[in-house]
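Numbering (this note's numbering), first residue to last: 1 to 226. C-beta atoms are modelled at their ideal positions from N, C-alpha and C, and glycine is treated no differently. Just so you know, these numbers come straight off a predicted model, no measurement behind them. What follows is a short report on a single structure.
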Ligand SMILES: [Mg+2]
């Protein structure tokens, strides 16, 4: 694949760092805490956490059950949950920063975390300086998800003065990739276990972990190796 002149649009969570099963469980707990302690859902913490997990399984959104059955607003959960993100538990990849900063391509981050959490996450993984004026949250475009329509991808392209066809969108989530593809971007899926992308025509390329993709870029862009 020739990646020359591509504009890379990176997902943040579970792409530029890994959400391990342990971290996923902490994130579920953080969401349950936001629901019970910040937003007053009338359930105990453990019941709420179990419902968050169930909601993820059914709707790919831990909050959906609470929007439907408990009158919680997505906006309020987005804000309170992001403030409780256990960022300190994130384990950065060893040499990812050095590799990313030497790619001779325009690069941005586009995340479904809010600005507060994504700044902290970028700092934790060592990429805040590099992306500090090049990261966007869905909240910058007035929404809380990036898997509902292709519109937000068009808005992002307008903001960064580029066209979807010139962008490569890198994400772990099928539904995000589907919307990015709809907007006209090329798509790269980062996976961790099985590559189950063969039957999905909205995925152009798939790599096991972000380093495999970055190594491929470095190889094919003919960058001098350190
Ligand atoms: Mg992700």
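Check, Outcome
"Between residue 30 and residue 137, what straight-line distance do the alpha-carbon atoms span, to the nearest angstrom?", "19 angstroms"
"What number of angstroms, rounded off, separates the C-alpha of residue 127 from the C-alpha of residue 144?", "23 angstroms"
"Do residue 179 and residue 205 have their C-beta atoms within less than 9 angstroms of each other?", "no"
"Examine ligand 1 and report whether any of its heavy atoms sits within less than 8 angstroms of the Cβ of residue 12.", "yes"
"Run through the DSSP bridge pairs and tell me what residue 111 is partnered with.", "137"
"Should residue 201 and residue 188 be called a contact, given that it needs their Cβ atoms to be closer than 9 angstroms?", "no"
"Which residue wins for smallest C-alpha separation from residue 227, given the options 2, 4, 8, 17?", "Because residue 227 is not part of the residues shown, which for the chain are 1 to 226, the question remains open."
"Just to confirm before moving on: does the CB-CB distance between residue 55 and residue 85 stay below 9 angstroms?", "no"
"Between residue 36 and residue 43, how many whole angstroms is the CB-CB distance? I'm expecting something under 8 angstroms.", "7 angstroms"
"Residue 112: beta carbon under 8 angstroms from a heavy atom of ligand 1?", "yes"
"How about residue 186 and residue 213: are their beta carbons less than 9 angstroms apart?", "no"
"Out of 1, 102, 12, which has the shortest C-alpha to C-alpha gap to residue 209?", "12"
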